Amino acid sequence: MIPDVSQALSWLEAHPQALKGIRRGIERETLRVNPDGSLATTGHPESLGAALTHRWITTDFAEALLEFITPVDDNIEHLMAFLRDIHRHVARELGDERMWPFSMPCFIESGQDIELAQYGSSNVGRLKTLYREGLKNRYGALMQVISGIHYNFSLPMTFWQERLGVTDTQSGKEAISAGYFKLIRNYYRFGWVIPYLFGASPAICSSFLKGRETDLPFEYTEGGLCYLPYATSLRLSDLGYTNKSQSNLGITFNDLSTYVQGVKKAIRTPSAEYAEMGVKKDGKYLQLNTNVLQIENELYAPIRPKRVTKSGETPSDALMRSGIEYIEVRSLDVNPFSPVGIDATQARFLDLFLVWCALADAPEMNSDELLCTRKNWNRVILEGRKPGQTIGIGCDDQRQPLASVGNALFADLNRVAQVMDNQNGDHLYQDVCKELVAAFDDPELTYSARILKDLKQQGVGNLGLELAEKYRQMLVSEPLEVLDESALMAEQDGSWQRQRTLETSDKLSFEEYLAANAGSSNE
């Protein structure tokens, strides 16, 4: 069913200090929309600062796709307050525009031009926009305006010292990285629990399907809603933010060197399909290069090993330099029940689950086994709430009831929760376990079931606008908690100054810069 973690849990109960100092960060994406629910066509508001260089407020694929980034934090309440302050500030600066509360896009007219994110005239800024041009031409703009939440997580050094006997991050980089890869392998095996509990995209606006082929057995409402009755996260399906062509890259998560070799091979491997498109047409760049991946961040994965990069350093070079520093969880839909797209309950669950993934045994996985885990994810993504749903155990397709696996997992998570609550002097983590475990016996408690009920009654547009307006009024009426206006103004002014400095310090032409950096740039 699930690995026997009893010994590891007993070790944790004997070393509770090992979890003191977990660090987290959140990245939240959201589309700017007009009061009628259509996609905003205005540029990124100048009053928010320069998207290229602002530490907390930037854009992702499109000018209309905001991305908010919190600093790293070891306190969940402070982390959530910081994220909410960013939202409060932005809500006040958007005028009549709102922040879309769903992962899947608002109504977008067929053929509507989705403006790529613009980052100024510096070489690095132009490179970022060109990378997005490549994404648009390779996968289509609609896929790229799907929004999500990324949860960045790192275990404290005390955990690795107590668990592995390492003394510092540099001498222990191989052992710590191996520990994080174990976590990642368990995430691939059991991370389907995240879309089961928190998936919130069981339906889409019919405009999203125009011109797209799908064999999914959608049901439709008169209002133009397309849905699957038992789906949890269409965002994570082949219809959403995934790329089938990357599934045969053979990248595994067993050790640092083979992982980095796999990623580097992908950014050097020519693609016949992208070569046919070409790099330029009529003097206009279409993509950075014609390789399978333009840059490393084009690799779509539900979880990524990460390290903060130095200037000019690629993500994989950073990993080889000093090992894995943290992991980035990428499977969270935007939570439509929260004005900031995520809440403390979800953060605490992710803490518990990721600690469990770091403790549980995780045999190495070849690329075929990794593909095998996708079957479970797809089963949950497309029909996770189906009565009697089962989950495969291993690649021989032995099946267990999903509810039984979920309940067994939460029995372990509750023991982790007790350790963390004892450290904090409260019972918040145990409360999360009690609240969420009920969804395995009653799938109607999942986010996807709750939001689908409302979507079928009101439709995507009406419900999206209702929530967007509700959250806008809520956010603009609230005072800032941890930031203040002076800090926000200083960051805004500083971001524009940093962008101007980049623009005036370029020594190479863009063509020269591109030749030196295409395929190896950091995003």
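Mapping to the UniProt record's numbering: the sequence shown position 336 is 336, numbers consecutive. Quick reminder that beta carbons are idealized off the backbone N, C-alpha and C, glycines included. These figures come from a predicted structure and were not determined experimentally.
- Assigned with DSSP and collapsed to three states, residue 309 falls in coil, not helix or strand.
- Judged by DSSP secondary structure, residue 28 falls within the beta strand (DSSP E) whose first and last residues are 23-33.
- With respect to residue 223, residue 459 sits close: the two C-beta atoms are nearer than 7 Å.
- Note on residue 248: under 16 other CB atoms within 10 angstroms of its CB, so exposed under the neighbour-count rule.
- Burial is judged here by how many other beta carbons sit within 10 angstroms of a residue's own beta carbon; residue 333 has at least 16 and is buried.
- Here residue 200 is near residue 447, since their CB atoms are less than 7 Å apart.
- Sequence-distant partners of residue 230 (beyond 5 residues in either direction) whose C-beta falls short of 7 Å from its own C-beta, in its chain, are 383, 384, 385, 386.
- Setting aside the 5 residues that flank it on each side, residue 40 is surrounded in the same chain by 32, 33, 34, 64, 97, each with a C-beta closer than 7 Å to its C-beta; the list follows chain order.
- The continuous stretches of beta strand (DSSP E) do not include residue 337, and DSSP gives it neither H nor E.
- Residue 248 carries a coil assignment under DSSP once its states are collapsed to helix, strand and coil.
- Secondary structure within the stretch 335-397: the alpha helix (DSSP H) runs of 4 or more consecutive residues, fully enclosed, are 344-359, 367-383 (chain order).
- The beta carbon of residue 467 is closer than 7 Å to those of 101, 336 in its chain, skipping five residues each way along the sequence.
- Residue 62 carries a strand assignment under DSSP once its states are collapsed to helix, strand and coil.
- For the set 129, 178, 84, the Cα lying nearest the Cα of residue 319 is the one of 178.
- DSSP, read as helix, strand or coil, puts residue 144 in helix.
- In this structure, residue 411 keeps its C-beta atom at 7 Å or more from the C-beta atom of residue 186.
- 61 is the residue among 61, 351, 378, 181 whose C-alpha sits nearest the C-alpha of residue 130.
- Contact check for residue 150 against residue 330 passes: the beta carbons are separated by less than 7 Å.
- For the pair residue 83 and residue 68, the Cα-to-Cα distance works out to about 8 Å.
- Under the DSSP assignment, residue 330 falls outside any alpha helix (DSSP H), being part of the beta strand (DSSP E) whose first and last residues are 326-332.
- By DSSP's assignment, residue 400 forms a beta bridge with 391.
- Taking a contact as a CB-CB distance under 8 Å, the pair residue 30 and residue 66 counts as one, their CB atoms being some 5 Å apart.
- Under the DSSP assignment, residue 203 falls in the beta strand (DSSP E) whose first and last residues are 203-205.
- Taking 7 Å as the cut-off, the beta carbon of residue 192 is found closer than this to the beta carbon of residue 380.
- Ranked by Cα distance from residue 3, the first of 182, 340, 462 is 182.
- Judged by DSSP secondary structure, residue 227 falls within the beta strand (DSSP E) whose first and last residues are 225-227.
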